[in-house]
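So in numbering that gives the first Met the number 0, spot 348 of the sequence shown is number 347, and the numbers just go up one at a time.
Backbone N, C-alpha and C define an ideal beta-carbon position, used for all residues, glycine too.
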Amino acid sequence: MTARHTPDRPLMKESPLMRPPRLLAAVLLVLASSAPGPSGAPQEIDFTKAGAEGLEHLKALVRLDTSNPPGNESRAAAYLAETLRAAGLEPRILESEPGRGSLLVRYRGAGTKRPLLIMSHIDVVPVEREGWSVPPFDAIVKDGFLWGRGTLDDKGMAAAELETMLLLARNRVRLSRDVVFLAEADEEAGGAKGMDWLLEHHADLFDAELALNEGGRVIRSDGKPRYVAVQTTEKIYQDFTVVARGTAGHSSIPVGDNPIDRLVRALDRIGTLAFPPRLNPVTRAFFTGLVSALPPELSGCVGRLEDPQAGPRCFETLSAAPNFNAMLRTTCTPTILKAGYKENVIPSEARANLNCRILPGTDLDTFLAGLREGAADPKVEVIFARDPRPSPGPSSTDSPLYRAIETVARRVAPGIAVVPYMSPGGTDSQVLRQRGIAAYGLLPFPIEEEDLRTMHANDEKIAVDAFTWGTRMLYQVVLETAR
């Protein structure tokens with residue numbers, strides 16, 4: 000998942016959740032499971048043991064390089080399948096093409112309610128190895144963190160969901176709903192060989208009422224979880240291709256029509272476009288619900304964003320934080336440049352990928368016209384890089400899954416803010432919402448806002464104790480929703 004991040008902070012640090020061990024122990028005690036066993040009696044779960052086991056599964060998944068491209072997700076799907084079979088479950092690996100496998104497995108409940116789908120993706124973005132301080136696929140534990148590509152996005156979620164399925168199966172937990180675990184391929188490349196293919200060829204498997212995916216956050220500071228942001232919608236992910244054309248020739252005799260120059264100038268002009276801030280029902284509820292969790296200089300602005308006099312200043316104040324800025328307005332940034340084929344040849348064409356995260360409700364044809372106007376060059380073409388998808392409406396905050404997240408979060412941390420959230424990054428939840436499935440995002444591992452910068456970046460890592468905490472929360476949310 001792609002997200003906007005706050006500025007860098009020192010990389011080597013002790014996990015804040017490890018600093019107050021008595022607080023963490025109290026949290027773990029509060030979260031003690033009461034899952035009914037086969038006799039219906041409460042069944043205690045040792046979550047210290049479960050967290051350690053889940054962490055070993057996460058290490059194994061990280062060591063399986065599923066960088067996309069090329070993907071090779073079937074190797075991770077096979078690992079998940081083998082582990083699930085050992086617990087008596089019957090997983091399936093569904094391949095869109097050789098090596099591009101997704102895993103699906105069902106834990107059966109009584110069937111009195113429609114299923115709950117818990118999902119994650121098992122492909123990861125590529126790495127720039129020279130920028131890492133540790134080997135990105137060795138799954139090294141140091142300084143209280145597990146380091147490696149995918150620890151946050153999204154193999155940590157996959158490992159926690161795997162552990163949840165193992166706990167359900169081993170304890171033969173009685174549920175009213177089926178719980179379906181899906182670990183899909185190709186999310187990082189748009190899902191054509193993952194979720195899109197699955198929905199086209201195996202639509203009958205998607206009979207869920209509710210889905211829990213990545214996309215949300217448990218934000219902590221000073222060692223304590225401060226708020227839970229539950230993704231109920233997301234910005235529109237749209238790539239545009241910007242193509243500049245000019246006159247090819249020998250670099251020793253430039254004629255003033257270099258397409259690289261044209262492209263750079265056009266991108267610079269597009270970069271100066273002012274996308275105005277705008278609230279929608281989800282972001283309005285997000286900021287309103289966070290008044291008690293924000294520092295005074297921000298909380299004082301939340302209720303005044305739509306005030307004609309104070310609004311512009313308050314939008315500017317909140318926009319100083321990159322993660323909030325990305326929620327308040329559309330953003331566009333170049334991500335790939337391609338031009339030239341030889342050092343002494345002026346090419347006839349130069350192109351760029353412009354990645355935009357667009358506020359829901361925006362008319363994309365009108366938006367494209369605005370980009371073309373911003374490029375302001377008849378020899379520069381701006382086109383959709385892929386067919387645009389309409390933005391579905393947000394998932395309701397009045398649903399069994401959203402209420403379960405609220406219940407579990409407030410059981411763990413009384414008084415904690417639980418708010419709906421529009422994620423800047425795109426997820427596979429969007430296509431589920433288009434199918435009428437109420438999909439929600441929650442990465443349940445407490446994380447400092449600054450640590451989100453390692454997602455899609457160098458030295459991606461997850462705090463070991465946060466993984467255990469999040470695995471426990473995920474299991475409790477599933478139990479609360481499906482019991």
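Check	Outcome
For SER73, the three-state DSSP class (helix, strand or coil)	helix
Pair within 8 Å by beta-carbon distance, ILE218 and GLU448	yes
Three-state secondary structure assigned by DSSP to LEU433	A quick correction: the sequence has Gln, not Leu, at residue 433. DSSP places GLN433 in helix when its eight states are reduced to three.
Spatial distance of LEU102 from LEU161 (CA atoms)	11 Å
Buried versus exposed call for ARG148 [16 or more other C-beta atoms within 10 Å across all chains shown]	buried
Inter-residue spacing [alpha-carbon to alpha-carbon] between SER251 and VAL263	20 Å
Chain-order list of residues whose beta-carbon lies under 8 Å from that of GLY155 (same chain, five-residue window excluded)	LEU57, GLY149, LEU442, PHE444, ILE461, PHE466, GLY469
Three-state class that DSSP yields for ILE252 in the structure shown	coil
Residue environment, ASP267, which counts as buried when at least 16 other CB atoms sit within 10 Å	exposed
Ranges of the alpha helix (DSSP H) found wholly within the stretch 143 to 224, counting only runs of at least 4	154 to 170, 194 to 200
DSSP-derived helix/strand/coil call for MET118	strand
SER395 classed as buried or exposed, judged by whether at least 16 other C-beta atoms fall within 10 angstroms	exposed
Classification of LEU272 by the beta-carbon crowding that lies within 10 angstroms, buried from 16 upward	exposed
Status (buried if at least 16 other CB within 10 Å, exposed otherwise) for GLU199	exposed
Between the CA atoms of PRO387 and ASP364 - distance to the nearest angstrom	9 Å
Residue closest to THR287, alpha-carbon to alpha-carbon, out of PRO294, SER298, ARG277	SER298
For LYS234, three-class secondary structure by DSSP	coil
ILE382 - partner residues in DSSP beta bridges	THR240
Backbone secondary structure at LEU367 - three-state DSSP	helix
Heavy atom of the ligand SAM within 7 Å of ALA157 beta-carbon	No copy of the ligand SAM appears in this structure; indeed no ligand is present at all.
Proximity winner among MET118, ALA247, PHE136, THR231, relative to ASP64 (alpha-carbon distances)	PHE136
Cβ neighbours of CYS300 in the same chain (closer than 7 Å, five flanking residues each side left out)	CYS313, THR316, LEU317
Whole-angstrom distance between GLY100 and ARG157, CA atom to CA atom	Correcting the residue identity first, residue 157 is Ala in this sequence and not Arg. Roughly 14 Å between the two C-alpha positions.
ARG216 and ILE357 closer than 8 Å at C-beta	no
CA-to-CA distance, THR453 to GLU129, given in whole angstroms	15 Å
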